[in-house]
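So for the sequence shown, the numbering used here puts the first residue at 6; every next one is plus one. Every residue gets a Cβ at the ideal spot worked out from N, C-alpha and C, and that includes glycine.
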Amino acid sequence: MEKRLWQQIFQYILAALIAVGLYWVTYMLILKETPPENKDALLIVLGVMAAGFTSVIQYFFGSSKGSADKNDIIHKG
Numbered sequence: 006m007e008k009r010l011w012q013q014i015f016q017y018i019l020a021a022l023i024a025v026g027l028y029w030v031t032y033m034l035i036l037k038e039t040p041p042e043n044k045d046a047l048l049i050v051l052g053v054m055a056a057g058f059t060s061v062i063q064y065f066f067g068s069s070k071g072s073a074d075k076n077d078i079i080h081k082g
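What follows is the structure, given as structure tokens:
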């Protein structure tokens with residue numbers, strides 16, 4: 006049970022880090038003056054973070070979360 010709790014905590018922390026990272030990179034691109042040589046690197050990071058954020062949204066609001074909840078109910082019952 007404790008292992009499952011730590012796994013859930015880690016999932017939420019990782020999801021929060023991905024979301025905060027996406028907002029931070031977006032902030033850096035829009036509001037801060039970035040050197041031209043760093044612009045391409047930030048755009049690549051933005052793309053990677055957006056893809057990660059999409060995966061987080063799909064997990065927490067898609068069928069994966071429901072499937073995980075179903076498995077928890079089966080294991081408890």
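Proximity of the stretch 23 to 38 to the stretch 55 to 71 meets the contact definition, three or more beta-carbon pairs being nearer than 8 Å. Separation of residue 44 and residue 20 (C-alpha to C-alpha, rounded to the nearest whole angstrom) is 25 Å. Here residue 75 carries a helix assignment [DSSP, helix/strand/coil]. Leaving aside the five residues that flank residue 47 on each side, the residues in its chain whose CB is nearer than 8 Å to its CB run, in chain order, 30, 33, 34, 39. If the five residues before and after residue 54 are omitted, its C-beta is found closer than 8 Å to the C-beta atoms of 23, 26, 27, 30, all from its own chain and listed in chain order.
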